[in-house]
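Visitor:
Numbering (my numbering), first residue to last: -4 to 238.
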């Protein structure tokens, strides 16, 4: 198998009202591998992976120009699901199963099995990734989501022989990726805050219209809602407010 046999099907939408996953790839168009990384435990990852699968299969069917409404059986890649868990294992299971977690063991009509990888500490690539993640989380707690945290993570991991070869050869690339993730997280957070503010403003607009219908003067409405009088007047007039 060569690199040309592997296709990237990671869902790339990042904002909070859209789907995105950690990593998805097809192998020769026959096998679909979907991998997620988790530092906190949640069985909801099963549902998310199932939704990612539906999205990815849909994209695959469209890209291969198959007719989902025709009588010919669709050809889709066989999926395998994995979660790399970097938190405290405790009594965590080897497999997560949709039927067991959500349907009291009933798997007559639908089942999703997710293999959980913890890293066994023997130096394999999964174990090294888990170790890298733990070091990274420690450094973020010390330095915040900063370049210093990234540089410290790389230095410590190289000293401990964790992903040493990769980090030594691609240090600049790793720094850029990690800083890009910080920027992405900030963008998502900002987007979420903006959506909240829009929601608050919409609620105030509805309240203003109702208060006006009850006969309250516009100046009082503006004072109660803590917004400008001109905004209340535009709301009531049915025009969009320029903030």
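Just so it is clear, CB atoms sit at the ideal spot from N, CA and C, and this is done for glycine as well.
Does residue 9 pass the burial test, meaning 16 or more other C-beta atoms within 10 Å, or should it be called exposed?
Guide: Legend: pLDDT at residue 9 = 42, less than 50; position of this residue unreliable, no value from coordinates given.
Visitor: According to DSSP, is residue 11 helix, strand or coil?
Guide: In this predicted model, residue 11 has a pLDDT of only 41, less than 50, meaning its place in the structure is not dependable enough to derive any value.
Visitor: Could you pull the start and end residues of the beta strand (DSSP E) that residue 69 belongs to?
Guide: That residue, residue 69, is in no beta strand (DSSP E); it is neither H nor E in DSSP.
Visitor: In chain order, what are the residue ranges of uninterrupted alpha helix (DSSP H) at least 4 long that sit wholly in the stretch 92 to 118?
Guide: 93 to 97
Visitor: Quick one, which of 72, 96, 92 and 88 has its alpha-carbon nearest residue 1's?
Guide: 72
Visitor: Taking 9 Å as the cut-off, decide whether the C-beta atoms of residue 120 and residue 113 are in contact.
Guide: no
Visitor: Report yes if the C-beta distance between residue 149 and residue 160 is below 9 Å; otherwise report no.
Guide: Using a Cβ distance threshold of 9 Å, residue 149 and residue 160 do not count as a contacting pair.
Visitor: For residue 12 and residue 61, what's the separation of their Cα atoms in angstroms?
Guide: Unreliable placement is indicated for residue 12, whose pLDDT of 44 sits below 50; the coordinate value is still reported in the next sentence. Cα-Cα distance, rounded: 28 Å.
Visitor: Measuring alpha carbon to alpha carbon, tell me which residue in 86, 80, 221 and 47 is nearest residue 129.
Guide: 80
Visitor: What residue does the beta strand (DSSP E) around residue 19 start on, and which one ends it?
Guide: 18 to 22
Visitor: Who pairs with residue 74 in a beta bridge, going by DSSP?
Guide: 27
Visitor: Between residue 19 and residue 39, is the Cβ-Cβ spacing less than 9 Å?
Guide: no
Visitor: Based on the DSSP secondary-structure assignment, which residues constitute the bridge partners of residue 79?
Guide: Paired residue(s): 32 and 112.
Visitor: How would you label residue 126, buried or exposed, when you count the other beta carbons within 10 angstroms and need 16 or more for buried?
Guide: The Cβ neighbour count for residue 126, taken over all protein chains shown within 10 Å, is at least 16; the residue is labelled buried.
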